[in-house]
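With the first letter of the sequence shown counted as 1, position 385 gets the number 387 in my numbering; the numbers rise by one all the way through.
All residues carry an ideal CB built from backbone N, CA and C; glycine is no exception.
These notes concern the structure reproduced below.
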Amino acid sequence: MGQTVLSRTLDREIRLFMRPLVCLFCAALVGAGLMAKVAAAEPDRPTAAEIGLEWGPETTVISEPRTADGYPDYVEFLNRRMSAGVPKEENFWAAMWGAVGNIERLPEPLLERVERGLLSDIDSEPRMEALWTLVGVTGEAEAALSKAVGQAQSGPWRRGDHPELQLWLDVNDEVLARASEAARRPRGWMPVLGISDPRVTTRTVAHVAAARSVARLLKIRAMRCLGDGDHEGAWSDLMTAHRIAGHLEREDFLFDRLCGMEMRASLRKPLGHWLSRTSLAAEELERRRLEWASVIPVWSASATLETMRFEFLEKVLALKSGACSIEMFTGSRDHAATNQLVVDAVDLNEVLREGNRILDALDAVLKLDHQATRLVGLREIVKPLEEVQQRIGGEGNLMPVFLQSLLEGQDRFLAQFLVRFDARSIEILEIQSVADAAKRALMKAAFLARIQMADSGAAAMTVNASYPLDPFSGAALRSQRTEKQFVLYSVGPDRQDDGAKEHEEGPGNDDIRIVLDLP
Numbered sequence: 003m004g005q006t007v008l009s010r011t012l013d014r015e016i017r018l019f020m021r022p023l024v025c026l027f028c029a030a031l032v033g034a035g036l037m038a039k040v041a042a043a044e045p046d047r048p049t050a051a052e053i054g055l056e057w058g059p060e061t062t063v064i065s066e067p068r069t070a071d072g073y074p075d076y077v078e079f080l081n082r083r084m085s086a087g088v089p090k091e092e093n094f095w096a097a098m099w100g101a102v103g104n105i106e107r108l109p110e111p112l113l114e115r116v117e118r119g120l121l122s123d124i125d126s127e128p129r130m131e132a133l134w135t136l137v138g139v140t141g142e143a144e145a146a147l148s149k150a151v152g153q154a155q156s157g158p159w160r161r162g163d164h165p166e167l168q169l170w171l172d173v174n175d176e177v178l179a180r181a182s183e184a185a186r187r188p189r190g191w192m193p194v195l196g197i198s199d200p201r202v203t204t205r206t207v208a209h210v211a212a213a214r215s216v217a218r219l220l221k222i223r224a225m226r227c228l229g230d231g232d233h234e235g236a237w238s239d240l241m242t243a244h245r246i247a248g249h250l251e252r253e254d255f256l257f258d259r260l261c262g263m264e265m266r267a268s269l270r271k272p273l274g275h276w277l278s279r280t281s282l283a284a285e286e287l288e289r290r291r292l293e294w295a296s297v298i299p300v301w302s303a304s305a306t307l308e309t310m311r312f313e314f315l316e317k318v319l320a321l322k323s324g325a326c327s328i329e330m331f332t333g334s335r336d337h338a339a340t341n342q343l344v345v346d347a348v349d350l351n352e353v354l355r356e357g358n359r360i361l362d363a364l365d366a367v368l369k370l371d372h373q374a375t376r377l378v379g380l381r382e383i384v385k386p387l388e389e390v391q392q393r394i395g396g397e398g399n400l401m402p403v404f405l406q407s408l409l410e411g412q413d414r415f416l417a418q419f420l421v422r423f424d425a426r427s428i429e430i431l432e433i434q435s436v437a438d439a440a441k442r443a444l445m446k447a448a449f450l451a452r453i454q455m456a457d458s459g460a461a462a463m464t465v466n467a468s469y470p471l472d473p474f475s476g477a478a479l480r481s482q483r484t485e486k487q488f489v490l491y492s493v494g495p496d497r498q499d500d501g502a503k504e505h506e507e508g509p510g511n512d513d514i515r516i517v518l519d520l521p
């Protein structure tokens, strides 16, 4: 019972977490305009030696490279690490920017930094035409068109059904062709820009917006192709969207990775429609399954954690050097003076050590074999950090909690406060990775079921030992059959069978399904 309650609570928190990600996404795009106004030079700050920074694996983690004033240059370190072994000709993001242009209208200084990082020229204007600039509608017509966009991504339609959407596809045909070519590149990296301090957190997410926009159009076109009987065209577009999702998932940054997982999950229903309508033989369906499986990336949450580590270290250094104020992290200016006293009072190197200790503990848990054990271990680490935030309260006043924690060690308190969101994010990423695994298992199972039908008819479609297990329950995936449909489903995070009902279908439901139509 305890595990069920915990699972339901965490599932609700995943949904609550994903909503702010959309806000974070929009805020980052708006923030890009503000960041472009910041001078490229670092702000006037004391040198690393003057603030007493001690170098080592327990504090700075890296020893090189260093900035001109003696700080660890995490921006350069990350860019070197991510770009290693990725020539321009193989970089997906270089080709993708070339395909879509300045789709989010980044200010020129910011766009120039992206160009320098990718060693590529990018059109200063968007190359991809937006629907709302192409079709001038308002009021009820706009609402109807928005609804049509959603429907056209999730089910087959014909060329004459939505003339506005068909016009949108036609106008962007060249963009989609170039993006499809880019998606076939084997690897990619998107540079950290380092415009302002804290430097490592300065990173445009316009590339994520571009990827999402292209993937949406690809899904719409795939469903149009399917409605018009062009099964090969639909397959090509769906695989391109899967490849783009994979490039996002391979990024070591949390936002990119979660958006890639969300993008892949959105392809589950369209893939079910394709499998329902294709007439390919079993042998060819197996080849398609292997092609699909080949574009699913293998990634580690530890890589995301390592990127978060550098973000944490940069936050601490920025605070202690005066490059940023504590209100950036408390979200309140009401107690700026007393909160700054807390920052001034703590020992820089002890804060770095404590933060690294917490992050090391998280990394050790991520390396455990069993997901349930990992989840319990992460919760044990995250819960005390959440309690620190609860003790601080909504006003963002650090001083009372700081004074209470003196007996425990004040340096530990500030590290816990600064690392709390990173730790919770890693926990959510781990939970989401299980949901992602369940959706991948369902897609694989749908292929296997369709192969069974091609071999022996619809009556032969049954879940057997060749099917992947449900990552949530560790048992077989569930199935339902009607005269018209064969439904495969996972029991979801609460590990209870809700009859294949997903969370949109009522409170308490959280099953995950894929549907195959029967002939």
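Query, Result
"For Ala520, the three-state DSSP class (helix, strand or coil)", "Here residue 520 turns out to be Leu, not Ala, going by the sequence shown. Here Leu520 sits in coil by DSSP."
"Residues that Phe522 bridges to, as DSSP identifies them", "Past the boundaries of the shown model lies residue 522; the chain is included only from 3 to 521, so the question cannot be answered."
"Rounded C-alpha distance that separates Arg129 from Arg118", "20 Å"
"As assigned by DSSP and simplified to three states, the class of Ala467", "coil"
"Same chain, Cβ closer than 7 Å to Gly274, five either side skipped, listed in chain order", "Ala448, Ile516, Val517 and Leu518"
"Residue span of the alpha helix (DSSP H) that contains Ile298, given as start and end", "Element bounds for Ile298: n/a, residue is neither H nor E."
"Euclidean distance between Cα positions of Gly395 and Phe419", "12 Å"
"Reduced DSSP category for Ala247 - H, G, I as helix; E, B as strand; rest coil", "helix"
"Straight-line gap, Glu91 to Ala70 (C-alpha atoms, nearest Å)", "32 Å"
"Residues near Glu397 by beta carbon distance below 8 Å, same chain, minus five either side", "Ser334, Asp336 and His337"
"Lys221 versus Ala211, Ser238, Arg205 and Ala208, residue with shortest Cα-Cα distance", "Ser238"
"Proximity of Leu307 and Asp349 at Cβ, strictly below 9 Å", "no"
"Cβ neighbour criterion (16 or more within 10 Å) applied to Met330", "exposed"
"Whole runs of the alpha helix (DSSP H) within the segment 125-153, excluding any shorter than 4 residues", "133-136"
"The alpha helix (DSSP H) enclosing Ser215, as first and last residue numbers", "Ala208 to Gly229"
"Beta-carbon spacing of Trp191, Glu251 below 9 Å", "no"
"Contact check, Ala425 vs Leu370, beta carbons under 9 Å", "no"
"Given 8 Å, three or more beta-carbon pairs between the segment 458-477 and the segment 428-440", "yes"
"Rounded Cβ spacing between Ser85 and Pro272 (contact assumed at less than 8 Å)", "That belief does not hold up - the Cβ atoms of Ser85 and Pro272 are roughly 33 Å apart, past 8 Å."
"C-alpha gap between Ala185 and Ile246, whole angstroms", "6 Å"
"The ligand COA heavy atom lying under 8 Å from the CB of Glu52", "Among the ligands in the structure shown, none appear at all, so the ligand COA cannot be discussed."
"Stretch-stretch touch, CB-based, cutoff 8 Å, three pairs: the segment 280-287 with the segment 451-469", "yes"
"Stretch-stretch touch, CB-based, cutoff 8 Å, three pairs: the segment 123-142 with the segment 165-177", "yes"
"For Ala478, the three-state DSSP class (helix, strand or coil)", "strand"
"Unbroken stretches of the alpha helix (DSSP H), 4 residues or longer, contained in the segment 238-326", "256-267, 270-279, 284-296 and 303-323"
"Backbone CA spacing between Tyr469 and Ile328 [nearest angstrom]", "52 Å"
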